[in-house]
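Accompanying notes for the structure given below.
Numbering (my numbering), first residue to last: 5 to 512.
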């Protein structure tokens, strides 16, 4: 009980550290440049409390349940060494996890011209196929950059064939689908699969699954756009709540709570059943280990319910309203630096970012620290949100940023250490989670409405931008790391040479 209490206190401190800067920025804006109504402010503050508590429970639950489950399934699946069995189980697992992802429901609602279930199944099939490709890449040691170049060429070839209204949404889908349910499980699965390899690159190849799985939803949405040829889509910004007293405020959250309780229950059930089948057939874990995983699943459930309720009910309206107020001001350019500041801190509150940063530190034995990862991600997301606000204010097409960005990212992948490429492309999907969808996207939508822009072509694309820039910043971190390593080796060699005795130097 004491250990559990200490863990909860540790996770609470981490959650406060992640969320408090965002609360501080919004509060400063509310009382200076962007006054908001009392009802929106109260919704935001109550949402922030739920966000902090939810993040505390989720990170502990991921540590106790999601990570061990993924690792054990990865080891068990690959022990058979039957490629067809591994491929079949990987597809089923990818399909189940994607259907389980709550953020996919948000995506489905954003694409009104395609039936929700059609979109969900298509995206799940896309992720399932790419999870198979990702696991086979790991088993056979295929270089990640070659696959990334091939599939992104395919993506950018298709994107010019679909209507403009679908381009930003398609790229947004890649980031949204790899959310808090998918990322911890898939990353742990990669660690489990790589553990059966004994070569020097096994640890490097444990990353890259999320990178490839992020491509599946983009291709799926683009293909659906070609089939359905959507026209006259109706996109709506988040509704602004108006409450008159504290009872209405509480009811606003309580009324939404059952919706997220149901969503997360449906999300966790398939994963739990899949794991239970493996436990009965292959794993044979002890009762104590199973009890620990069960407790972790409960924490994960509680955490995600509270987190998503706080984010959707409290943060989404605040983002929309702030975007409108700032874009209507005579100094609307201030949206660009404010967006950068928000982006820098908001990525720290993404649930899956915590999992990624600590897993990177663990797999690399501290050579790539969680702190360095956090700074690189924050810088990337800050740049992406600043560019997104610039794009909204001046109505610049999203492809003007995405095409050069991916060209730079893919070019860097051939010169940086392979582990940095895999981590970078994983981080793109991880950084663009529910906080981006429920605060930064509404911020862009509010600004877009204020300047008279088109939501579907100008506001959407924020998630895609957030998913793209970390690919560059983390690979730049890899280049710096590589240069430092070379400098250290050279300095060490020179020192050793100077220490040699004079006759030894003559012998050389």
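Ideal placement from N, C-alpha and C gives every residue a C-beta, glycine not left out. Since this is a predicted model, take the numbers as computed values, not measurements.
Item                                                                                                                                   : Value
Boundaries (first-last residue) of the alpha helix (DSSP H) holding residue 361                                                        : 355-367
Unbroken alpha helix (DSSP H) run spanning residue 73, endpoints                                                                       : 71-83
Best match in 325, 18, 89 for proximity to residue 41 [C-alpha to C-alpha]                                                             : 325
Start-to-end residues for the alpha helix (DSSP H) that takes in residue 88                                                            : 87-104
Contact check, residue 441 vs residue 452, beta carbons under 9 Å                                                                      : no
Bounding residues of the alpha helix (DSSP H) (the contiguous stretch that carries residue 404)                                        : 403-416
For residue 482, the nearest candidate out of 421, 337, 56, 270 (CA to CA)                                                             : 421
CB-CB length for residue 50 against residue 318, believed under 8 Å                                                                    : 6 Å
Buried or exposed by the 16-neighbour rule on C-beta atoms within 10 Å, applied to residue 131                                         : buried
Nearest candidate by alpha-carbon position, reference residue 133, set 184, 401, 480, 214                                              : 214
CA-to-CA distance, residue 85 to residue 55, given in whole angstroms                                                                  : 42 Å
Where residue 268 falls, given that 16 or more other Cβ within 10 Å makes a residue buried                                             : buried
Which of helix, strand or coil DSSP assigns to residue 249                                                                             : coil
Cβ pair residue 402, residue 327 closer than 9 Å                                                                                       : no
Rounded separation between residue 512 and residue 419 - CA only                                                                       : Because the pLDDT at residue 512 is just 46, under 50, the model does not fix this residue reliably, and the value given afterwards should be weighed accordingly. Taking the straight line from one Cα to the other gives about 34 Å.
Residue range of the alpha helix (DSSP H) that includes residue 399                                                                    : No alpha helix (DSSP H) holds residue 399; DSSP gives it neither H nor E.
First through last residue of the alpha helix (DSSP H) which encompasses residue 332                                                   : 320-332
Proximity to residue 135 [Cα-Cα], best of 170, 118, 167, 192                                                                           : 192
Residue 354 beta carbon less than 9 Å from that of residue 184                                                                         : yes
Three-state secondary structure (DSSP) of residue 2                                                                                    : Nothing can be reported for residue 2, as the shown portion of the chain is limited to 5 through 512.
Other residues of its chain near residue 20: CB distance less than 8 Å, five sequence neighbours each side excluded                    : 56
Span of the alpha helix (DSSP H) around residue 231                                                                                    : 219-232
Inter-residue Cα distance where the pair is residue 302 and residue 182                                                                : 21 Å
Residue from 59, 46, 45, 37 with nearest C-alpha to residue 16                                                                         : 59
Classification of residue 10 by the beta-carbon crowding that lies within 10 angstroms, buried from 16 upward                          : exposed
Same chain, Cβ closer than 8 Å to residue 127, neighbours up to 5 away in sequence not counted                                         : 102, 108, 111, 177, 181, 220, 221, 224, 225
Candidates 389, 484, 393, 336: closest to residue 470 by CA position                                                                   : 389
Straight-line gap, residue 337 to residue 331 (C-alpha atoms, nearest Å)                                                               : 8 Å
Element boundaries [alpha helix (DSSP H), containing residue 10]                                                                       : 6-34
Residue environment, residue 145, which counts as buried when at least 16 other CB atoms sit within 10 Å                               : exposed
Contacts around residue 229, its chain only, beta-carbon distance under 6 Å, and the 5 residues preceding and following it disregarded : 166, 170
Meets three-Cβ-pair contact criterion under 8 Å: the region 427-444 and the region 291-305                                             : no
Sequence-distant residues of its chain with Cβ nearer than 6 Å to residue 83 (five each side left out)                                 : none
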